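Colleague: Those letters in the sequence shown? Residues 27 to 249, by the numbering used here.
All C-beta atoms, glycine included, are put in the ideal place defined by N, C-alpha and C.
This structure is a prediction, so every number in the text was calculated from the model and none was measured.
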Amino acid sequence: MSLSSPFSEFNGVTIALSKGRIFDDTRPLLAAAGIEPATDPESSRELIIATNRPDVRLVIVRASDVPTYVQYGAADLGVAGLDVLLEHSGEGLYQPLDLQIARCKLMVAVPEGFDYQAAIVRGSRLRVATKYIRSASEHFAAKGMQVDLIKLYGSMELAPLTGLGDAIVDLVSSGGTLKANRLQAVEHIRDISSRLIVNIAAWKLQRERIAPLVEAFKHAVNK
Ligand code: ATP
Ligand code: MG
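(1) Quick one, which of Q121, S163, S199 has its alpha-carbon nearest L261's?
(2) Could you check how far apart the C-beta atoms of R221 and L123 are, in whole angstroms? I think they sit under 8 Å.
(3) If you check the beta carbons only, do A148 and Q172 fall under 9 Å apart?
(4) Who does E213 pair with in a DSSP beta bridge?
(5) In terms of residue numbering, what span does the alpha helix (DSSP H) encompassing D109 cover?
(6) Which word fits D165, buried or exposed, when buried means at least 16 other C-beta atoms lie within 10 angstroms of its C-beta?
(7) Go through its chain and collect everything with a Cβ distance to A227's Cβ below 8 Å, but skip five positions before and after it.
(8) Using the rule of at least 16 other Cβ atoms within 10 Å of the residue's Cβ for burial, across every protein chain shown, is H245 buried or exposed?
(9) Just to confirm, are G38 and V82 a CB contact at a threshold of 9 Å?
(10) Give me whichever residues DSSP pairs with R221 in a beta bridge.
(11) Only counting the same chain, and skipping five residues up and downstream in sequence, which positions put a Cβ closer than 7 Å to that of E72?
(12) Do S219 and L132 have their beta-carbon atoms positioned less than 9 Å apart in this structure?
(13) Do you know offhand how far A168's Cα is from R88's?
(14) Any heavy atom of the ligand ATP closer than 8 Å to the beta-carbon of R53?
(15) Using the Cα positions of G46 and I146, report the straight-line distance between them to the nearest angstrom.
(16) Are at least three pairs of beta-carbons, each pair with one atom in the segment 176-194 and one in the segment 154-163, less than 8 Å apart?
(17) Is it the case that the Cβ atoms of V212 and A135 are separated by a distance below 9 Å?
(18) Beta carbon of L84, beta carbon of A42: below 9 Å?
(19) Please tell me whether P93 and Q210 are closer than 9 Å, where the distance is taken between their beta carbons.
(20) Taking the alpha-carbon positions, what's the S199 to R235 distance?
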């Protein structure tokens, strides 16, 4: 005998989103596609959110878990920052659309007054704290710099202030957080925005369900 569950029986399209800026910035795009969430994930504790469309639901996951949910087909679609996608293998993911939301820059930052260029010229082996190990290691390798990378999961700004590292690789938008912590950006690694990602198998096998959503997002982005 199998137990029936209202959760596992869902037979429509599941979209994985993270709370905060991704959800906020995706909301207008969802609206343009005719999708209105039934509850607000910021105030509700529900992790599965129904929408006005019985065939579409949202799941709320950590930003860095969005590609994993989509890769394994637990969600058909997702919205993930390029920063997160660059740390993921990209396996099982189709990335049809740059949504141009949650825009920021991946940068190297050091304490104010630290002469980064001089350290490079001297060939100093810098300790760099970051959540973005892959992007950082590719960046420094391309520059021919030997660095020791220290993996963190958040609050990178604290690392140089406590002696954990000489530099950080982090996302910067206004620069306010760097400034508040007396750090300065010294190198721009790349521009970041969020992408629509689609489970490859769902894209192939359920094209008639998913393509109209992708088209609606595309239209909303280009408006
Ligand atoms: P978690 O809080 O679960 O550890 P997170 O801190 O990465 O995850 P958010 O801060 O909501 O989650 O960031 C989600 C995404 O938004 C990031 O992956 C990035 O693409 C983008 N983002 C992060 N910081 C900024 C920023 N300062 N300005 C614009 N976009 C940003
Ligand atoms: Mg954050």
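Modeller: Answer, in terms of the structure:
(1) Residue numbering for the chain in the displayed model covers 27 to 249; residue 261 lies beyond these limits and cannot be assessed.
(2) As a first step, residue 221 must be located in the sequence shown, where it is residue number 195. As a first step, residue 123 must be located in the sequence shown, where it is residue number 97. Cβ atoms of R221 and L123 come within 8 Å of each other, at about 7 Å.
(3) The residue given as residue 148 occupies position 122 in the sequence shown. The residue given as residue 172 occupies position 146 in the sequence shown. Reading off the sequence shown, one finds Arg at residue 148, where the question assumed Ala. Contact flag unset, no.
(4) Residue mapping note: residue 213 aligns to position 187 of the sequence shown, counting from 1. DSSP output for E213 lists V134 as bridge partner(s).
(5) For this step, residue 109 is matched to residue 83 along the sequence shown. First-last of the alpha helix (DSSP H) with D109: 108-113.
(6) Within the sequence shown, the letter at position 139 stands for residue 165. One detail in the question is off: residue 165 reads as His in this sequence, not Asp. Of the residues assessed, H165 falls on the buried side of the cut-off, its CB having 16 or more other CB atoms within 10 angstroms.
(7) Walking along the sequence shown from the start, residue 227 turns up at place 201. Taken in chain order, the residues that qualify are G99, G118.
(8) For this step, residue 245 is matched to residue 219 along the sequence shown. By the neighbour-count rule (16 or more Cβ atoms within 10 Å), H245 is not buried but exposed.
(9) Mapped onto the sequence shown, residue 38 falls at position 12. Mapped onto the sequence shown, residue 82 falls at position 56. Yes; because the gap between Cβ atoms is below 9 Å, this pair is in contact.
(10) Taking the sequence shown and counting its residues from 1, one reaches residue 221 at position 195. Answer is A106, D124, bridged to R221.
(11) Here residue 72 is taken as the residue at index 46 of the sequence shown, counted from 1. T65.
(12) In the sequence shown, residue 132 corresponds to position 106, counting from 1. In the sequence shown, residue 219 corresponds to position 193, counting from 1. Not in contact: L132 and S219 (Cβ atoms no closer than 9 Å).
(13) Residue numbering aside, residue 168 sits at position 142 when the sequence shown is read from its first letter. Residue numbering aside, residue 88 sits at position 62 when the sequence shown is read from its first letter. Linking A168 to R88 through their CA atoms gives a straight-line distance of about 30 Å.
(14) To locate residue 53, count along the sequence shown from 1; it is residue 27. The answer is no for R53.
(15) What you label residue 46 is simply residue 20 of the sequence shown in a count that begins at 1. What you label residue 146 is simply residue 120 of the sequence shown in a count that begins at 1. Using only the alpha carbons, I get a separation of about 37 Å.
(16) Segments in contact, yes.
(17) Start at 1 with the first residue of the sequence shown, and residue 212 comes out as number 186. Start at 1 with the first residue of the sequence shown, and residue 135 comes out as number 109. With contacts defined as CB atoms closer than 9 Å, V212 and A135 qualify as a contacting pair.
(18) For this step, residue 84 is matched to residue 58 along the sequence shown. For this step, residue 42 is matched to residue 16 along the sequence shown. Their beta carbons are under 9 Å apart, which means L84 touches A42 by this criterion.
(19) Within the sequence shown, numbered from 1, the residue matching residue 93 stands at position 67. Within the sequence shown, numbered from 1, the residue matching residue 210 stands at position 184. No.
(20) Along the sequence shown, one-based indexing puts residue 199 at 173. Along the sequence shown, one-based indexing puts residue 235 at 209. The alpha-carbon atoms of S199 and R235 are separated by roughly 35 Å.
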